[in-house]
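First residue of the sequence shown: 2, per my numbering; consecutive thereafter.
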Amino acid sequence: MKSRRIIWVWGLYALLSFSVALTGGCKPGAGKSRVESDTTGLKKLANFLSEAEIDSIQKLPHFASDEPRLEGWVAWPQSGDRFNGRKMDTIYWDGLDLRGLDMRGVSMRSARCTNNDFRGTDFRVADIRWTVFDGSDLRGCNFDQARLFHVKVNDAVLDSSTFRGTNMFGMEGHGTMMRYCDFTNALMKDAEFVYSNLTGSRGVKARLIRAVFKHSILDSTDFSYADFTGGGLEKASFRGAKLRHANFQGARLADADFSGADLYDVNFFGSRFNNTIMKGAKNIPPEVLKMMNKDSLVTGIWQELKKHLKGR
């Protein structure tokens with residue numbers, strides 16, 4: 002009986018040792034947080050698509066259930082209608098039920114589409130620059146490789162929508178819900194999302210140069226390799242976010258919250274910290290640690306250029 006106990010104890014020890022080896026132990030930054038985000042197979046940015054590529058995407062078969070979609074009337078649109086490839090600039094739709102539309106490749110510039118229900122609509126490779134979607138429900142929409150230049154989505158809901166390779170330059174959203182979205186390789190330069198919620202979203206290699214996210218929630222997001230250069234991130238929350246290799250050079254980070262975030266190889270050169278919260282953050286750069294007080298608050302400006310910035 003005693004020998005059986007010894008064998009059982011040694012077996013349990015071996016199992017635990019194997020488990021620790023797989024997960025990397027319990028050190029900060031170990032386990033899953035050490036896995037790099039996938040940067041392969043990214044969708045090409047909308048600006049670089051050829052006419053042939055746009056044409057091929059908008060002409061792919063697209064069905065609602067088992068039946069071909071009916072071609073829609075601009076003056077009387079209905080859920081499930083097909084408008085792909087149509088010229089619809091400056092249209093006015095307000096307060097309509099427009100779920101599941103096929104809007105691939107449409108030209109809908111300077112349109113006013115407020116307070117509509119667009120849930121599940123396909124906007125791939127659409128040109129909808131300067132259009133207003135304020136107050137609309139855009140949950141589960143596909144905006145991949147679309148042009149959303151200076152589009153407005155104030156007080157709109159875009160949860161679970163995709164923006165892969167999308168041009169979102171200057172896009173505006175105040176009080177916007179964008180939880181669990183995919184912004185991978187999107188261009189979000191000069192975008193402004195204040196008092197907005199992006200919890201659980203993914204933005205690997207997104208370009209957010211000079212983007213403003215004041216008072217916004219970006220908790221549990223993955224913005225690895227993203228570029229927040231010069232961003233206005235005052236009072237933004239990145240709690241538990243994965244920010245490996247991200248660039249925050251010259252960003253304004255007063256009262257921002259990075260609690261529990263993974264900051265491996267993050268570039269904070271020239272960033273302005275003021276009571277920035279780093280409680281429980283992983284892989285904090287040494288230069289930032291030097292400015293952190295006993296309450297895990299960081300104040301100051303990192304002005305020492307690191308060699309890992311070379312080539313950025």
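By construction, the Cβ of each residue, glycine as well, lies at the ideal position given by its N, Cα and C atoms.
One thing to note: threonine 167 has its Cβ no nearer than 8 Å to the Cβ of alanine 192. Judged by DSSP secondary structure, leucine 290 falls outside any beta strand (DSSP E) and instead within the alpha helix (DSSP H) spanning 287-290.
Per DSSP, aspartate 95 is one residue of the beta strand (DSSP E) stretching across 93-95. Within the region 227-289, complete beta strand (DSSP E) segments of at least 3 residues are found at 273-278, given in chain order.
8 Å or more divides the Cβ of valine 158 from the Cβ of glycine 174. The alpha-carbon separation between threonine 300 and alanine 257 amounts to approximately 11 Å. Note on geometry: alpha-carbon atoms of asparagine 248 and phenylalanine 259 lie some 14 Å from one another. Runs of beta strand (DSSP E) with 3 or more residues, each lying fully within the region 60-141, are found at 93-95 and 113-115, listed in chain order. The Cβ neighbour count for leucine 219, taken over all protein chains shown within 10 Å, is at least 16; the residue is labelled buried. With fewer than 16 other CB atoms across the displayed protein chains lying within 10 angstroms of its CB, isoleucine 302 is exposed.
Out of Val152, Met172, Phe144 and Leu149, the CA that lies nearest to the CA of serine 162 is found in Phe144. Asparagine 198 carries a strand assignment under DSSP once its states are collapsed to helix, strand and coil.
The three-state secondary structure of glutamate 173, taken from DSSP, is strand. Where glycine 301 is concerned, the enclosing beta strand (DSSP E) starts and stops at 298-302.
The C-beta of phenylalanine 224 has 16 or more other C-beta atoms within 10 Å across all chains shown, which makes the residue buried.
Partner residues in a beta bridge of threonine 41, as assigned by DSSP, do not exist.
Residues Arg180, Tyr181 and Ser221 of the same chain have their beta carbon placed closer than 6 Å to that of glycine 201, with the five preceding and five following residues left out of the count.
Taking a contact as a CB-CB distance under 8 Å, the pair serine 38 and valine 267 does not count as one, their CB atoms being some 13 Å apart. Contact check for phenylalanine 214 against alanine 242 fails: the beta carbons are separated by 8 Å or more. When DSSP states are grouped into helix, strand and coil, asparagine 168 belongs to the strand group. Residue environment for tryptophan 94: buried (at least 16 other C-beta atoms within 10 angstroms of its C-beta).
Inclusion of alanine 47 and arginine 130 in the CB contact set at 8 Å is not warranted, their separation being larger than that value.
Judged by their CB atoms, lysine 88 and arginine 165 are not nearer to each other than the 8 Å cut-off.
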